[in-house]
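To convert, count from 1 in the sequence shown and add 17; that's my numbering.
Note that beta-carbon positions come from the ideal geometry of N, C-alpha and C, so glycine has one too.
Only one structure is covered here, and it is reproduced in the block below.
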Amino acid sequence: MTEQSQLDAQLAQIRTDVLAGKMSRRAALQAIGAAAAMATLAARGVSVAAQDASPAAGEGTDGVVQTFYQRGYTINPTSFDFNADLYCNADTNAFEGVVTFDADFNPSPGWAESWESNEDASMWIFHIRQNNTGWTDGTPVTAHDFVYSWTRQLDPETAAPYASFFFDVKNAEAFNTGAEGITGADLGLRAIDDWTLEVTCEGPRGGFPLKAAYAAAWPAPSWQVEEHGDQWALGGDVPLVSNGPFKLVEWVPDVKWTMEKNPGFWDAENISIDNYVAPIYPSANQVLLFEEGSDDHQLDWAILPAADYARYLEDPEKAQLLSPYVYPGLWMMLPSNGIPPFDQPEVLTALSHAIDRERLVTVTNGLVYPAYCMMPQGVFGFLEDPSLS
Numbered sequence: 018m019t020e021q022s023q024l025d026a027q028l029a030q031i032r033t034d035v036l037a038g039k040m041s042r043r044a045a046l047q048a049i050g051a052a053a054a055m056a057t058l059a060a061r062g063v064s065v066a067a068q069d070a071s072p073a074a075g076e077g078t079d080g081v082v083q084t085f086y087q088r089g090y091t092i093n094p095t096s097f098d099f100n101a102d103l104y105c106n107a108d109t110n111a112f113e114g115v116v117t118f119d120a121d122f123n124p125s126p127g128w129a130e131s132w133e134s135n136e137d138a139s140m141w142i143f144h145i146r147q148n149n150t151g152w153t154d155g156t157p158v159t160a161h162d163f164v165y166s167w168t169r170q171l172d173p174e175t176a177a178p179y180a181s182f183f184f185d186v187k188n189a190e191a192f193n194t195g196a197e198g199i200t201g202a203d204l205g206l207r208a209i210d211d212w213t214l215e216v217t218c219e220g221p222r223g224g225f226p227l228k229a230a231y232a233a234a235w236p237a238p239s240w241q242v243e244e245h246g247d248q249w250a251l252g253g254d255v256p257l258v259s260n261g262p263f264k265l266v267e268w269v270p271d272v273k274w275t276m277e278k279n280p281g282f283w284d285a286e287n288i289s290i291d292n293y294v295a296p297i298y299p300s301a302n303q304v305l306l307f308e309e310g311s312d313d314h315q316l317d318w319a320i321l322p323a324a325d326y327a328r329y330l331e332d333p334e335k336a337q338l339l340s341p342y343v344y345p346g347l348w349m350m351l352p353s354n355g356i357p358p359f360d361q362p363e364v365l366t367a368l369s370h371a372i373d374r375e376r377l378v379t380v381t382n383g384l385v386y387p388a389y390c391m392m393p394q395g396v397f398g399f400l401e402d403p404s405l406s
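Rendered as structure tokens:
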């Protein structure tokens with residue numbers, strides 16, 4: 018049972034108890050709050066970073082020694098196939114889309130050096146960098162790669178969790194949901210030639226380049242997928258073929274993976290690190306390795322679990338190492354609006370007012386922020402409205 022279905026079941030039982038007189042309305046609100054747990058809270062994380070950390074040395078481009086600080090990953094990837102499963106937890110440096118993000122989250126040229134739309138932004142043309150050798154096996158990155166990959170993600174047989182991300186594309190939702198008579202050939206995706214990608218949307222979509230920059234829009238190499246199936250992205254006997262700034266050269270499950278610079282990447286000349294190792298440590302061990310690790314197992318930066326937060330706050334020296342940050346995540350309660358009385362907006366409004374967000378912040382030692390809207394302050398996309406303050 019999913020978390021959402023569990024919550025729906027709890028809410029249905031609460032409604033039954035109220036109607037049967039087994040539970041007062043006040044108790045019902047308390048139970049709903051408990052069911053919501055950390056509902057309507059924006060997440061806040063805390064990391065720790067050593068003030069006197071000794072950076073590891075690595076050999077950079079042209080023999081220049083590069084330094085970087087050691088951190089660890091907590092989850093072993095399930096694969097490197099972002100195209101089929103955005104939640105694969107692999108290294109994001111392995112792939113690049115037609116568009117990427119700059120430091121301010123604006124769309125910036127990726128494998129497309131430029132793009133433009135028609136007058137109402139219902140059609141977009143992306144111009145792929147010509148005569149490249151961007152895939153790590155030397156194959157050029159072309160418009161056909163994105164037509165194939167986006168179609169693959171929308172194909173219901175792929176069962177990609179982010180397929181709906183492309184529903185702006187013409188006929189995408191119909192294809193993904195199995196509408197009769199609609200095939201991948203009916204999608205608004207066309208490679209005019211090797212270097213020109215045309216995307217026709219369901220209507221005006223002025224923000225489509227932002228979507229094209231997200232990880233859900235990264236490609237997969239068709240020839241590898243068709244020859245090796247799921248094995249193409251598992252890093253075993255089949256070398257991973259990717260098109261990002263770095264390529265996978267070794268993956269020891271639950272231990273580490275090693276990445277090496279991709280010389281065919283479109284911006285390779287501006288990447289100064291030749292290779293790096295990404296160790297995998299369970300989150301429970303990261304603080305220990307931060308505090309007591311040595312040599313290659315010494316972490317200079319780690320996510321601090323909530324259980325250790327108070328210990329660091331109480332120690333003046335340790336408290337100086339804390340670095341809070343906004344995690345772009347939101348915990349909320351979404352009761353099914355098909356279950357009475359949650360089909361009434363007034364009930365949902367009352368429920369929202371009944372949740373004491375400030376108290377939840379207190380009991381979590383300030384590790385969350387109260388969220389009064391879907392995009393709370395501190396999360397990209399928040400719009401300040403003085404009239405609501």
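In this chain, the alpha helix (DSSP H) harbouring ARG376 covers 374–380.
Bounds of the beta strand (DSSP E) holding HIS144 are 140–145. For the 8 Å CB-CB criterion, ASP172 and ASN188 do not form a contact.
Judged by DSSP secondary structure, GLU309 falls within the alpha helix (DSSP H) whose first and last residues are 300–309.
Between ILE145 and the set GLU215, PHE122, PHE99, the nearest pair of CA atoms involves GLU215. Look at PRO296 here: in three-state DSSP terms it is strand. Where THR117 is concerned, there is no enclosing alpha helix (DSSP H), although the beta strand (DSSP E) around it starts and stops at 116–118. For the region 243–276, the full-length beta strand (DSSP E) segments reaching 3 residues or more read 263–269 along the chain. In this structure, the alpha-carbon of LYS335 lies about 29 Å from that of ASP271. CA-to-CA, the gap between ALA138 and TYR386 works out to about 37 Å. In this chain, the beta strand (DSSP E) harbouring THR217 covers 213–217. Excluding its 5 nearest sequence neighbours in each direction, GLY195 has C-beta neighbours in its own chain below 8 Å: PRO173, listed in chain order. The count of Cβ pairs closer than 8 Å, one atom from the region 146–155 and one from the region 253–268, reaches three, so the stretches are in contact. Inclusion of ASN149 and GLY261 in the CB contact set at 8 Å is not warranted, their separation being larger than that value. Per DSSP, TYR389 lies in no alpha helix (DSSP H) and is assigned neither H nor E.
Boundaries cannot be given for LEU338, as no beta strand (DSSP E) includes it and DSSP labels it neither H nor E. DSSP, read as helix, strand or coil, puts LEU171 in helix.
One thing to note: ALA120 has its Cβ no nearer than 8 Å to the Cβ of ARG169. The three-state reading of DSSP puts ALA101 in coil, since its state is none of H, G, I, E or B. Closest in C-alpha terms to ASP317, from the list SER311, ALA323, PHE307, ASP325, comes PHE307. For TRP128, the three-state secondary structure derived from DSSP is coil.
Between THR159 and TRP212, the gap from beta carbon to beta carbon is short of 8 Å.
Contact between SER239 and TYR329 does not hold, since their C-beta atoms are separated by about 49 Å, which reaches or exceeds 8 Å. Within the model, the alpha-carbon separation for ALA367 versus GLN361 is close to 10 Å.
Between LEU347 and ALA301, the CB-CB gap reaches or exceeds 8 Å. By the CB criterion at 8 Å, ASN292 and GLU309 fall outside the cutoff.
The continuous beta strand (DSSP E) containing ASP210 extends over residues 206–210. Closest option to GLY205, judged by alpha-carbon separation, among GLU219, HIS245, VAL116: GLU219.
Between ALA232 and LEU103, the CB-CB gap stays under 8 Å. The continuous beta strand (DSSP E) containing ALA319 extends over residues 318–320. With a beta-carbon spacing of about 7 Å, PHE97 and CYS105 fall inside the 8 Å limit used to define contacts.
When rounded, the separation of the alpha-carbon atoms in HIS370 and THR381 is 20 Å.
For a cut-off of 8 Å, the C-beta gap from PHE143 to VAL186 is around 13 Å, too long to register as a contact.
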